[in-house]
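J.: Next up is a structure, given as structure tokens.
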Amino acid sequence: MSSRHVSKGLWNNLMRNNVDLGLASIIYEIGVASKYIVHAMRTGDLGLAGTSNLYGEQQLALDVLANEIIKDRLDHTGQVKCFASEEMDNFLIFERKGPKQFSVVIDPLDGSSLVDVNLSVGTIVGIYKSDSVINIGRNLSGAVYVVYGPRTTLVYSTGNGVFEFTLNSLGEFVLTAENIQLKSSHKIYSIGGLRSQCYDNHIRFLNYLESNSYKLRYSGGFVADINQLLLKGGGIFTYPATKKDTNGKLRLLFELNPMAYLIENAGGFASNGEMPILDIQPESIDQREPVYIGSKEEVLIAEKFLKGESI
Ligand code: AHG
Ligand code: MN
Ligand code: MN
């Protein structure tokens, strides 16, 4: 590896940032797993696995395979005690010997229904220095996401800045952005959910965005949409409570907490419309929450609209 790459490599960045060795090896191993997931997407079966997940949703073969790849790599580190995934009915306690000071929650393949139309998908990982996966997001020790798009990129934070790495042709993750920060306000927005099922105050918020020339950016992949918002400097993503799904669609443990941690470390904010996502005490492993996440100003404006206040 040339000296330029060594100084910009993922492991060197983790060491330069004094990341706990156990935590660093988990983050590094997510990078290793992502290369196998890229290969699986390019060569694997894009069809249904014939099984369903924790939420009763039909699983793609790739969902199950991505989960197995990450599970095995994390077990291999000897740093993980408890492992939970949106693709598994319950959490798993790893038997392998090792320090096992951490517990990990994952969405192994986010936006997986987009793979067959060749849109960007991702992996989401939350890491706790704990022997349980049921924690408030504020207690995260680190979070990672990987975007499988035109570039394969890995974004992590352990509380001292948000860093992006790009997988190069040599199979190395090389630093491409550091200390990423959101502007307090930025005019792009991503809105999930069917308008016909949304509550009036949420619609009033959407009308506010649209009458203030916000540009709509929504791919159907949470990781890709948040990555765009993070790297374009801000904006807001929402998947709200609806009359059909009063808790919204996205999963608190596997999707919202890790992303809220990363966005807050980039100077942004994430709310369920009433309180910070990171302060919600999970009642169950499969809990869903409405979400407003991105630039702080926009999220606070959303909270005002949802309370029926005018701004
Ligand atoms: P997953 O593929 O892990 O189930 O996640 C899909 C999620 C999220 O990525 C995205 O923001 C949302 O589903 C899109 O939902 P709609 O298709 O209802 O817009
Ligand atoms: Mn997902
Ligand atoms: Mn998923």
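Residue numbers (my numbering): 40 to 350. Just so it is clear, CB atoms sit at the ideal spot from N, CA and C, and this is done for glycine as well.
(1) Give me the Cα-Cα distance between leucine 99 and glycine 150, rounded to the nearest whole angstrom.
(2) Would alanine 280 and glycine 312 qualify as a contact pair, given that the criterion is a beta-carbon distance under 9 Å?
(3) Please determine whether the Cβ atom of leucine 301 lies at a distance below 8 Å from any heavy atom of ligand 1.
(4) Would you check if there are 3 or more beta carbon pairs closer than 8 Å linking the stretch 267–280 to the stretch 320–337?
(5) I'd like the ranges of any alpha helix (DSSP H) spanning at least 4 consecutive residues and lying wholly in the stretch 251–285.
(6) Cα-Cα, which of Leu301, Tyr247 and Glu328 is closest to threonine 285?
(7) Answer yes or no: do valine 201 and asparagine 304 have a C-beta to C-beta separation smaller than 9 Å?
(8) Report the three-state DSSP secondary structure of glutamate 203 (helix, strand or coil).
(9) Excluding the five sequence neighbours on either side, which residues of its own chain have a C-beta within less than 6 Å of the C-beta of serine 152, listed in chain order?
(10) I'd like to check one pair, proline 189 with serine 159: are the Cβ atoms closer than 9 Å?
(11) Using C-beta distances below 6 Å, list every residue in its chain close to arginine 55, excluding the 5 sequence neighbours before and after it, in chain order.
(12) Any chance you could list the residues with Cβ under 6 Å from a heavy atom of ligand 2, keeping chain order?
(13) Could you give the uninterrupted runs of the beta strand (DSSP E) lying entirely in the stretch 71–132, keeping only those of 3 residues or more?
(14) Any idea which residues DSSP pairs aspartate 146 with across the strands?
(15) If you draw a straight line from the C-alpha of leucine 301 to the C-alpha of glycine 117, how long is it?
(16) Figure out for me which residue from Ala79, Arg290 and Lys120 has the closest Cα to the Cα of aspartate 102.
(17) Secondary structure at arginine 43, three-state DSSP: helix, strand or coil?
(18) So, are the CB atoms of glutamine 267 and isoleucine 219 less than 9 Å apart?
(19) Output the boundary residues of the beta strand (DSSP E) element that contains alanine 182.
(20) Shorter than 8 Å, the distance from the beta carbon of serine 258 to the closest heavy atom of ligand 3, or not?
(21) So, is leucine 209 buried or exposed, given that buried needs 16 or more other C-beta atoms within 10 angstroms?
(22) Find out if the Cβ-Cβ distance for the pair glycine 404, glycine 181 is shorter than 9 Å.
(23) Can you list, in chain order, the stretches of the alpha helix (DSSP H) that have 4 or more residues and sit fully within the stretch 291–332?
(24) Looking at the secondary structure, which residues open and close the alpha helix (DSSP H) in which valine 338 lies?
(25) Taking 8 Å as the threshold, find out whether the stretch 68–78 comes into contact with the stretch 103–110 through three or more Cβ pairs.
(26) Are leucine 49 and leucine 214 closer than 9 Å when you measure CB to CB?
(27) Once you ignore the five residues that flank leucine 131 on each side, which residues in its own chain have a CB closer than 8 Å to its CB?
(28) Can you tell me where the beta strand (DSSP E) with glycine 214 in it begins and where it stops?
(29) Tell me leucine 193's beta-bridge partners as DSSP assigns them.
(30) Given a cut-off of 9 Å, decide if alanine 105 and leucine 53 are closer than it, judged by their beta-carbon atoms.
T.: A quick look at the data gives this:
(1) The alpha-carbon of leucine 99 is positioned some 11 Å away from that of glycine 150.
(2) Cβ distance < 9 Å, so alanine 280 and glycine 312 count as in contact.
(3) Checking the Cβ of leucine 301 against ligand 1 gives no.
(4) The answer is yes - the stretch 320–337 touches the stretch 267–280, with three or more Cβ pairs under 8 Å.
(5) Listed in chain order, the complete alpha helix (DSSP H) runs (minimum 4 residues) inside the stretch 251–285 are 261–270.
(6) With distances taken between Cα atoms, threonine 285 lies closest to Glu328.
(7) It is a contact, given that the beta carbons lie within the stated cut-off.
(8) In the structure shown, glutamate 203 sits in a strand (DSSP, three-state: E or B).
(9) Excluding sequence neighbours, serine 152 sits near nothing in its chain.
(10) In contact: serine 159 and proline 189 (Cβ atoms closer than 9 Å).
(11) Answer for arginine 55: no residue qualifies.
(12) The set, ordered by position in the chain, is Asp146, Asp149, Phe261 and Glu294.
(13) Here the runs fully enclosed are 87–91, 97–99 and 119–124.
(14) Paired residue(s): Ile163.
(15) Roughly 25 Å separates the two Cα atoms.
(16) Selected option, being the one with the closest Cα: Ala79.
(17) Any answer about arginine 43 is weak, because its pLDDT of 49 lies below 50 and its placement is not dependable; what the coordinates show is given next. Of the three classes helix, strand and coil, the one that applies to arginine 43 here is helix, per DSSP.
(18) No, the Cβ-Cβ distance between glutamine 267 and isoleucine 219 is not below 9 Å.
(19) Counting along the chain, the beta strand (DSSP E) containing alanine 182 begins and ends at 179–187.
(20) Not so, every heavy atom of ligand 3 lies at least 8 Å from the Cβ.
(21) Leucine 209 should be labelled exposed.
(22) Since the first residue shown for the chain is 40 and the last is 350, residue 404 is missing from the structure and cannot be characterised.
(23) Entirely contained in the stretch 291–332, the alpha helix (DSSP H) runs reaching 4 residues are, in chain order, 296–304.
(24) 335–345 is the extent of the alpha helix (DSSP H) around valine 338.
(25) With a cut-off of 8 Å, the stretch 103–110 and the stretch 68–78 count as touching, because enough Cβ pairs lie within range.
(26) It is a contact, given that the beta carbons lie within the stated cut-off.
(27) Excluding the 5 residues flanking it on each side, leucine 131 has same chain C-beta neighbours closer than 8 Å at Lys110, Cys121, Phe122 and Ala123, in chain order.
(28) Looking at the sequence shown, residue 214 is not glycine but leucine. Looking at the DSSP string, the run of the beta strand (DSSP E) that includes leucine 214 is 212–216.
(29) In the DSSP output, where bridge partners are listed per residue, leucine 193 has Val185 and Phe204.
(30) Their beta carbons are not under 9 Å apart, which means leucine 53 does not touch alanine 105 by this criterion.
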